[in-house]
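Colleague: Dropping a structure here in structure tokens format, bear with me for questions.
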Amino acid sequence: MIPLLILGLLLQNPGAHGYELLAFMEQRHYKYIVNFTKGSFYYNLQQLEEKGWIKQIQQEPSTRGRETRNFKITESGKAEFEKLMVKYGTQSEYVNLQFYGALLFADEYDKNKLLELIQSQIDQTKTRIALLDEYLSNTQEVPDQIDYYRRMNENSRSHHLVNLAWFEQLKAEIEGTPGA
Numbered sequence: 315m316i317p318l319l320i321l322g323l324l325l326q327n328p329g330a331h332g333y334e335l336l337a338f339m340e341q342r343h344y345k346y347i348v349n350f351t352k353g354s355f356y357y358n359l360q361q362l363e364e365k366g367w368i369k370q371i372q373q374e375p376s377t378r379g380r381e382t383r384n385f386k387i388t389e390s391g392k393a394e395f396e397k398l399m400v401k402y403g404t405q406s407e408y409v410n411l412q413f414y415g416a417l418l419f420a421d422e423y424d425k426n427k428l429l430e431l432i433q434s435q436i437d438q439t440k441t442r443i444a445l446l447d448e449y450l451s452n453t454q455e456v457p458d459q460i461d462y463y464r465r466m467n468e469n470s471r472s473h474h475l476v477n478l479a480w481f482e483q484l485k486a487e488i489e490g491t492p493g494a
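Following this note's numbering, the numbering of the sequence shown begins with 315 at its first residue and continues without gaps.
If you want it as structure tokens, here you go:
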């Protein structure tokens, strides 16, 4: 999915350099969409260039003495973007939390340790909600224009609130059972 993100960002920001694209991904909290590191980002950027889907553009020499590599998407890159939109836009996951897999074996696991795992999920979910709240409080939807990313984050926040309530209920039920 990293290639889709890079190509999409270059469509939105032609002429951006790698560090700018990476900063956009971090500022927009794309890590909740796909796991990426600085290394995996630059690897994918290089692969996109080697495949001819993006290319460097000439820039004025930097006044800071540091050369930047600015990119734009090519016509074949636009075609690849279209393919990736279909590929990822039609996928749906049944379960997106690995925690659910671990929960399948909750009866075989120490209850106190299970409570610690659930508390970890509660803490992580609260952190995600706080990050989404921060993003949403700093953005406004423009009238007569759909901000898909904002709406996606609003939807993500709603899912996290449901998960938080479920984790807290599950924890309370386990704490109320004998032997917990």
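No residue lacks a Cβ here, since even glycine has one placed at the ideal position from N, Cα and C.
Near K392, what residues of its chain come up, given a Cβ to Cβ distance below 6 angstroms and the 5 sequence neighbours on each side ignored?
Modeller: Along the sequence shown, read from residue 1 onward, the residue named residue 392 stands at position 78. There are no such residues.
Colleague: Under the assumption that N477 contacts L450 (Cβ atoms under 8 angstroms), give the Cβ distance between them as a whole number of angstroms.
Modeller: In the sequence shown, counting from the first residue as 1, residue 477 sits at position 163. In the sequence shown, counting from the first residue as 1, residue 450 sits at position 136. Contact doesn't hold; Cβ gap of about 17 angstroms is too wide.
Colleague: For K440, list the residues DSSP reports as bridge partners.
Modeller: In the sequence shown, counting from the first residue as 1, residue 440 sits at position 126. Its beta-bridge partners do not exist; DSSP assigns none.
Colleague: Run through DSSP, which three-state label would H343 get?
Modeller: Residue mapping note: residue 343 aligns to position 29 of the sequence shown, counting from 1. In the structure shown, H343 adopts coil according to DSSP, grouped into three states.
Colleague: For K369, which residues from the same chain have a beta carbon less than 6 angstroms from its beta carbon, with the 5 sequence-adjacent residues on both sides left out?
Modeller: On the sequence shown, position 55 is the one that residue 369 refers to. Here the set comprises T388.
Colleague: What would DSSP say about N498, mapped onto helix, strand or coil?
Modeller: As displayed, the chain neither begins before 315 nor continues past 494, which places residue 498 out of reach and without an answer.
Colleague: Could you give the DSSP three-state label for K392: helix, strand or coil?
Modeller: Position 78 of the sequence shown, counted from the start, is the residue given in the question as residue 392. Here K392 sits in helix by DSSP.
Colleague: Tell me H331's beta-bridge partners as DSSP assigns them.
Modeller: Walking along the sequence shown from the start, residue 331 turns up at place 17. Paired residue(s): N384.
Colleague: Can you tell me whether DSSP reads I316 as helix, strand or coil?
Modeller: Taking the first residue of the sequence shown as position 1, residue 316 is located at position 2. In this structure, I316 counts as helix in the three-state DSSP scheme.
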